[in-house]
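Below: the structure, in structure tokens.
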Amino acid sequence: ALLIPANSILFWTMLGYCSKEEKFIRIFTTQNQKIIFRWISGFLISAIIYSQVMIFLASRYSAKGKYYLDEKKYDDAKIYFMKAIKYDDKNPQTYFHLSNVYQQYYKMTVYKSYLYEAELELLKTAKLQKYNPQIYFDLYNIYYLRGDMQNATLWMKKTLDASPKSVYYEKCYETLLKEIYETPQHK
Numbered sequence: 185a186l187l188i189p190a191n192s193i194l195f196w197t198m199l200g201y202c203s204k205e206e207k208f209i210r211i212f213t214t215q216n217q218k219i220i221f222r223w224i225s226g227f228l229i230s231a232i233i234y235s236q237v238m239i240f241l242a243s244r245y246s247a248k249g250k251y252y253l254d255e256k257k258y259d260d261a262k263i264y265f266m267k268a269i270k271y272d273d274k275n276p277q278t279y280f281h282l283s284n285v286y287q288q289y290y291k292m293t294v295y296k297s298y299l300y301e302a303e304l305e306l307l308k309t310a311k312l313q314k315y316n317p318q319i320y321f322d323l324y325n326i327y328y329l330r331g332d333m334q335n336a337t338l339w340m341k342k343t344l345d346a347s348p349k350s351v352y353y354e355k356c357y358e359t360l361l362k363e364i365y366e367t368p369q370h371k
């Protein structure tokens, strides 16, 4: 909530207002209460500043990682995304982009271990951002590439649930079902 500038300004204003000495109204009855309040407010202010700095650093590293991902410098992109996660492990976009790095590694090498790495990052993303159909579609694609049609179908259904009006996802789902049920093993 404090990431929104308006909320942050309001919070700091209210904290400043509460911590100033008022001659007309006595909030604190003893000097000890005033000292305790100042220590607590100082701690809270320090914690908020620390968290804001961490989020700022994470966003800087994530932006650098995205730049290198767009430039197809995947090793550099991976390094910066990993640094961003160290500073802020609650940003779903960082995990999503890191998953894209692993998917690109898979396209270059065809090592299935990269699909497992991409899957892990996408599952973390899905926990943090539940209604993004692109996450589910990428998970569908990973399971499809691994030959796990049961899980591919499950994630394709979740993709459609998250984006029911998408013609593209609907066509992908129909194609998947045709492929599954029209193979010689099902005839």
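In this text, residue positions in the sequence shown follow my numbering: the first is 185, and each later residue adds one.
Beta carbons: idealized from backbone N, C-alpha and C, even for Gly.
Secondary structure of residue i, DSSP reduced to three states
{"i": "K355", "result": "helix"}
{"i": "K257", "result": "coil"}
{"i": "S347", "result": "coil"}
{"i": "N316", "result": "coil"}
{"i": "E366", "result": "coil"}
{"i": "D332", "result": "coil"}
Limits of the alpha helix (DSSP H) - the one that residue i falls within
{"i": "E301", "result": "K296 to L312"}
Residues of its chain near residue i, where Cβ-Cβ distance is below 7 Å and the 5 sequence neighbours each way are ignored
{"i": "W339", "result": "Y320, L323, Y324 and Y327"}
{"i": "P276", "result": "T309, L312 and Q313"}
{"i": "Y352", "result": "none"}
{"i": "Q241", "result": "Going by the sequence as given, residue 241 is Leu instead of Gln. Hits under 7 Å: Y271."}
{"i": "K342", "result": "Y320"}
Same chain, Cβ closer than 6 Å to residue i, five either side skipped, listed in chain order
{"i": "E303", "result": "I326"}
{"i": "Y258", "result": "V285 and Q288"}
{"i": "A261", "result": "G249, Y252, L253 and V285"}
{"i": "N316", "result": "none"}
{"i": "I239", "result": "D272"}
Cut-off 8 Å between Cβ atoms - residues of its own chain near residue i, not counting five sequence neighbours on either side
{"i": "K256", "result": "Q288"}
Presumed contact (8 Å Cβ cut-off) between residue i and residue j, rounded CB distance
{"i": "A268", "j": "Y245", "result": "4 Å"}
{"i": "E305", "j": "Y279", "result": "5 Å"}
{"i": "A336", "j": "L360", "result": "7 Å"}
- Residue ranges of each alpha helix (DSSP H) within the stretch 209–283, 4 or longer: If we require 4 residues or more, the alpha helix (DSSP H) runs fully inside the stretch 209–283 come out as 215–254 and 258–271.
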